[in-house]
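Peer 1:
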Amino acid sequence: MVPDFQSLMLPLLRLLGDKQIHKSSDLVTQIADHFKLSDEDRNEMLPSGTQLKLTNRVHWAISHMKHAGLLEYTSRGRCMITEVGLQVVANPPEMVNLKYLRTFQMFKEWQDASKSNKGSNVEPLNGSEGTAAATPDEMMEASYAELTRVLRSDILKKIKSCSPKFFEQLVIDLLLKMGYGGSKMEAGEVLGRTNDGGIDGLIKEDRLGLDTIYVQAKKWENYVPVSQVRDFAGALLSKKAKKGIFITTSSFPNSAKEFVASIEPRIVLIDGPQLAELMIEHDLGVSVKKTFAVKKLDIDYYEE
C-alpha cells in the first residue's frame, strides 16, 4: 500500500539530507525503494487515471515542506534541503506531518494567507493535521466521485418515473450523443416503428448507414430475465444482424452476460448504472453546476 503523503515527509527529508539537488522523479523511486513497495503499488494510479498515486503524494509532501521552509525548488522538478530542513534531520521529531509543519511560522503564515483569500470559505488542508492520508488532489477526486455517485442515483430514479415512450426517446438521444445514427429525425422514425420479436428499434451505426444496430430498450425494476436476452438474440439472427444493444434501467444476471459472451451476433448489455454513467459522460439530461479550474505554476514563464 502506498503510504499517505505525511508519512513520506521525514523519509524525503532524510534522502535530501545529503545537501544535493534531487529530481522529483528520482525521489519517487527512492521512496518506493525505502518502503519496499511492490510493482502494483508503484504503478497504482489516482482514480482519475491522470497520475501515479505515489508521484502525487511525493509531490504534495515536497510542496508542504517547501512552504514550511524545509526545502526549496531549484528549478523545474528539482529541489534541495534548506538549513532549516537540515536542522530537522539532525534532531527529527517522531513524525513530520501537517501538525508539525504548523510549528514553523512560514508554514503557518502560508496556511493563514490561504484561509483568508478573498471569496474563500474553505479550510486549507489542516483539519486533520495528524492523520490526513489524502492529498488535495485525492480529496477533490473523492468528492467528485461521491457527487457523481449521487447524480447517477438521481438520474436512475428520475428515468424510472418517466414513461416507456420517454425512455425510448432517451435511448435515441443517448445513441446520437455517442455518435451513432444519422439525423435525429431518421433515428426517431425508426425506433418504435419496428416491433418484431424483441426488437424495439434500430439505428444507423454511422451517418452513412453502412451498418445497422438493433436496439432493445426496457424499463425493469428487477433483473432482466436471460430469456429476454435470448429472444433479442434470436430476433437479431432472424434479421441477419451483426450487432445489438440491450439497454435497461435495472441489471442483468450473470447468466445473461455469459450468454451474450458466447454467441454471435455481438450484443452489448447496458444496465442502469452504466446508462446513468453514459448520460453523465455525454451530457444528456444533466447540466454543469460549477466548474473548478485547477491550475499550477508555469515554471517556463519565469525563466530569464
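Quick note on numbering: the sequence shown equals residues -19 to 284 in my numbering.
Even for Gly, the Cβ is constructed at its ideal location relative to N, Cα and C.
1) Within 10 angstroms of the Cβ of residue 251, are there 16 or more other Cβ atoms? Answer buried if so, exposed if not.
2) Apply the 10 Å Cβ neighbour rule to residue 127 and answer buried if 16 or more other Cβ atoms are within range, or exposed otherwise.
3) Roughly how many angstroms separate the alpha carbons of residue 278 and residue 134, rounded to a whole number?
4) Can we say the region 74 to 87 touches the region 5 to 20, given the rule of at least three CB pairs closer than 8 Å?
5) My understanding is that residue 2 touches residue -7, with C-beta atoms under 8 Å, so please give their C-beta distance in whole angstroms.
6) Whose C-alpha, out of 34, -9, 269, is nearest the C-alpha of residue 8?
7) Give the DSSP-derived three-state secondary structure of residue 103 in the structure shown.
8) Rounded to whole angstroms, what's the CA-CA distance from residue 145 to residue 222? Just pull it up for me.
9) Who pairs with residue 271 in a beta bridge, going by DSSP?
10) Count the other CB atoms within 10 Å of the CB of residue 196; is the residue buried (16 or more) or exposed (fewer)?
11) Where does residue 124 land, buried or exposed, given buried means 16+ other C-beta within 10 angstroms?
12) With a threshold of 6 Å on Cβ separation, who are the neighbours of residue 63 within its own chain once the five nearest residues in sequence on each side are excluded?
13) List the DSSP bridge partners of residue 2.
14) Measure the alpha-carbon distance for residue 242 versus residue 26 and round it to whole angstroms.
15) Alpha carbon to alpha carbon, how far is residue 46 from residue 273?
16) Pull up the distance between the alpha-carbon of residue 44 and that of residue 58, whole angstroms please.
17) Considering Cα atoms alone, identify which of 265, 276, -1 is closest to residue 142.
18) Looking at the secondary structure, which residues open and close the alpha helix (DSSP H) in which residue 240 lies?
19) Return the first residue and the last residue of the beta strand (DSSP E) that residue 161 is part of.
20) Which ranges does the beta strand (DSSP E) cover as unbroken runs of at least 3 residues, wholly within the region 18 to 62, from first to last along the chain?
21) Of the choices 230, 15, 249, 12, whose alpha-carbon is the least far from that of residue 132?
22) Can you tell me where the alpha helix (DSSP H) holding residue 212 begins and where it ends?
23) Thinking just about the alpha-carbon of each residue, which of 87, 50, -15 is nearest to the one in residue 116?
24) What would DSSP say about residue 224, mapped onto helix, strand or coil?
25) Comparing alpha-carbon positions, which option in 83, 148, 208 lies nearest residue 183?
26) Residues in its own chain within less than 7 Å of residue 259 by CB, not counting five upstream and five downstream?
27) Use the C-beta contact count for residue 68: other C-beta atoms within 10 angstroms, 16 or more gives buried, fewer gives exposed.
28) With the cut-off set at 8 Å, would you say residue -12 and residue 41 are in Cβ contact?
29) Going straight from the alpha carbon of residue 247 to that of residue 119, what length do you get?
30) Tell me whether residue 282 is buried or exposed, calling it buried when 16 or more other Cβ atoms sit within 10 Å of its Cβ.
Peer 2: Here's the rundown:
1) With 16 or more neighbouring CB atoms inside 10 Å of its own CB, residue 251 falls in the buried class.
2) It is exposed - the Cβ of residue 127 has fewer than 16 other Cβ atoms within 10 Å.
3) Answer to the nearest angstrom: the Cα atoms are 39 Å apart.
4) No contact exists between the region 74 to 87 and the region 5 to 20.
5) Their Cβ separation, rounded to whole angstroms, is 11 Å, which puts residue 2 and residue -7 out of contact at 8 Å.
6) Measuring from the Cα of residue 8, the nearest candidate turns out to be 34.
7) Residue placement at residue 103 is poorly supported in this model, since its pLDDT is 43, which falls under 50; the coordinates are not used for a value here.
8) So the alpha carbons of these two residues sit roughly 26 Å apart.
9) DSSP lists no partner for residue 271.
10) Around the beta carbon of residue 196, 16 or more other beta carbons sit within 10 angstroms, so the residue counts as buried.
11) A residue is called buried once 16 or more other Cβ atoms fall within 10 Å of its Cβ, and residue 124, having fewer, is exposed.
12) Setting aside the 5 residues that flank it on each side, residue 63 has no residue in the same chain whose C-beta is closer than 6 Å to its C-beta.
13) 59.
14) Distance from the CA atom of residue 242 to the CA atom of residue 26, rounded to whole angstroms, is 34 Å.
15) Those two C-alpha atoms are separated by around 23 Å.
16) Answer to the nearest angstrom: the Cα atoms are 15 Å apart.
17) Ranking the options by Cα distance to residue 142, first place goes to 265.
18) Boundaries of the alpha helix (DSSP H) harbouring residue 240: 234 to 241, taken from the DSSP string.
19) Neither: residue 161 is in no beta strand (DSSP E) and is coded neither H nor E.
20) List check, beta strand (DSSP E) in window: 51 to 55, 58 to 61.
21) The residue with the shortest Cα to Cα distance from residue 132 is 230.
22) Counted as a single uninterrupted DSSP element, the alpha helix (DSSP H) harbouring residue 212 occupies residues 206 to 218.
23) Put simply, of 87, 50, -15 the residue whose alpha carbon is nearest the alpha carbon of residue 116 is -15.
24) Looking at residue 224 - three-state DSSP - the assignment turns out to be strand.
25) When each option's Cα is compared against that of residue 183, the closest is 148.
26) For residue 259, where only same-chain residues beyond five positions count, the Cβ hits under 7 Å are 135, 154, 265, 266.
27) That one is buried.
28) When the beta-carbon positions are compared, residue -12 and residue 41 come within less than 8 Å of each other.
29) Going from the Cα of residue 247 to the Cα of residue 119 covers about 38 Å.
30) Around the CB of residue 282, fewer than 16 other CB atoms lie within 10 Å, so the residue is classed as exposed.
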